[in-house]
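Under the working numbering, think of the first position of the sequence shown as 8, with each following residue one higher.
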Amino acid sequence: MKLSDIHIRDPFILLEGEKYYMYGTRGAETWGFGYGLDVYVSEDLEDWSEAIEVFTPPKGFWADKNYWAPEVHKYHGRYYMFVSFKCDAECRGTQILAADSPIGPFLPHSSRPVTPRDWECLDGTLYVDKNGVPYMIFCHEWVQTVDGEMCAVQLSEDLTEAVGEPIFLFKASEPSWALKETDKWVTDGPYVYSSSENEIILIWASSAKDGYCEAIARCDSNDLRGNWSHDEELLFKKDGGHGMIFKTKDGKLNFTFHQPNGTPFERPKIVEVEEREGRLVVV
């Protein structure tokens with residue numbers, strides 16, 4: 008399969024050994040009931056396998072809709088999937104699944120979502136600080152806050168639960184380019200990129216004048232509790248976002264995201280990026 012044949016949103020690519028593993032939100036199930044999650048496997052980023060189901064909800068699983076934005080991180084020798092779930096009776100939240108292989112099967116690792124249970128949240132991503140302490144950065148959704156918030160929470164060393172209270176990072180309306188969509192400002196899809204200068208750079212998705220976009224925020228210290236600022240220049244400007252940065256086998260930086268943002272046309276895209284004086288630029 009080619010990328011143009013794969014209908015997913017929120018792509019996430021893990022390089023493990025000589026293979027690339029791409030996860031994402033099933034396009035056909037995005038806005039309704041969820042029945043599972045898949046991975047696509049490639050050796051060259053050009054030709055991809057058929058979908059391989061890596062998560063099937065176990066009997067009695069609490070969530071039945073909106074299986075969104077799976078990310079897989081290797082941590083202490085195992086593979087951990089951070090994925091957002093929803094049901095009508097409970098708030099949306101990010102739960103952590105685990106497996107011994109990138110192709111699963113992934114099973115619930117945290118007993119429930121590790122985001123606050125009375126918050127509508129989504130898009131948790133793993134960040135391990137310089138001291139080896141794991142955190143999850145996530146979005147406190149506009150559906151509850153109106154002005155979407157980016158937050159973080161420390162995780163237990165085994166990634167089974169949150170430790171302490173959430174940490175506020177910034178609001179969606181803060182950047183000069185931020186565009187209010189009807190009655191809301193959106194925070195989506197955080198992903199941490201550590202620059203060559205050891206600066207914490209967070210790429211995240213929101214809305215600007217040309218539609219869904221990919222933005223860059225940065226912290227003035229190596230501590231998430233530092234001061235956050237927003238680059239004036241967007242990483243990707245027009246009708247595409249919710250991406251992440253990964254290195255190829257030959258060490259090049261690539262940015263994957265979905266484009267366009269409208270269903271059912273969204274497809275994963277991959278473009279090369281470079282770091283230039285601490286800034287990420289699409290080549």
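Glycine included, every Cβ here is placed at the ideal spot set by N, Cα and C.
Model, not experiment: these values are computed from the prediction.
Comparing C-alpha distances from Asp-17 to each of Glu-239, Pro-182 and Pro-267 shows the shortest one belongs to Pro-267. For Phe-253, the pairing in a beta bridge is given by DSSP as Asn-261. Each residue's CA atom was taken as its position, placing Ala-215 and Ile-223 some 13 Å apart. Scanning its chain for C-beta atoms nearer than 8 Å, with the 5 sequence neighbours on each side dropped, one finds around Asp-107 the residues Arg-85 and Tyr-86, in chain order. Under the three-state reduction of DSSP output, Thr-101 falls in the strand class. Annotation: the continuous beta strand (DSSP E) that includes Trp-211 extends over 207-215. If the five residues before and after Asp-71 are omitted, its C-beta is found closer than 7 Å to the C-beta atoms of Phe-40, Gly-41 and Cys-94, all from its own chain and listed in chain order. In the displayed model, Glu-53 falls within coil according to three-state DSSP, outside both helix and strand. For Leu-166, the number of other beta carbons within 10 angstroms of its own is at least 16, and it is reported as buried. For the pair Pro-197 and Thr-101, the CB atoms are not nearer than the 8 Å cut-off. In this structure, the alpha-carbon of Gly-34 lies about 18 Å from that of Met-88. Under the three-state reduction of DSSP, Trp-149 is assigned to helix.
Annotation: Tyr-219 to Gly-269 spans about 10 Å, alpha carbon to alpha carbon. According to the DSSP assignment, Asp-125 belongs to no beta strand (DSSP E), since it is labelled neither H nor E.
Using a 10 angstroms sphere on the CB of His-265, the tally of other CB atoms reaches 16 or more, which defines it as buried.
In the structure shown, the three-state DSSP call for Asp-12 is helix.
Nearest to Trp-55 by alpha-carbon distance, out of Gly-285, Phe-62 and Ile-13, is Ile-13. Within the same chain, and ignoring the five residues on either side of Met-8 in sequence, the residues whose Cβ sits closer than 8 Å to its Cβ are Tyr-47, Asp-54, Trp-55, Ser-56 and Glu-57.
In this structure, Val-278 lies near Phe-262, with their beta-carbon atoms less than 8 Å apart. In this chain, Lys-66 is not harboured by any beta strand (DSSP E), its DSSP state being neither H nor E. Look at Glu-36 here: in three-state DSSP terms it is helix. A direct Cα-Cα distance of roughly 26 Å separates Phe-68 from Pro-141.
For Lys-276, the enclosing beta strand (DSSP E) stretches over residues 274-283.
In the DSSP secondary-structure assignment, His-116 is not bridged to any residue. Exclusion of the five residues before and after Val-290 leaves Val-278, Glu-279, Val-280 and Glu-281 as the residues of its chain whose Cβ lies within less than 8 Å of its Cβ. With respect to the 8 Å criterion, Cys-158 and Glu-127 are not classified as neighbours on the basis of their beta carbons.
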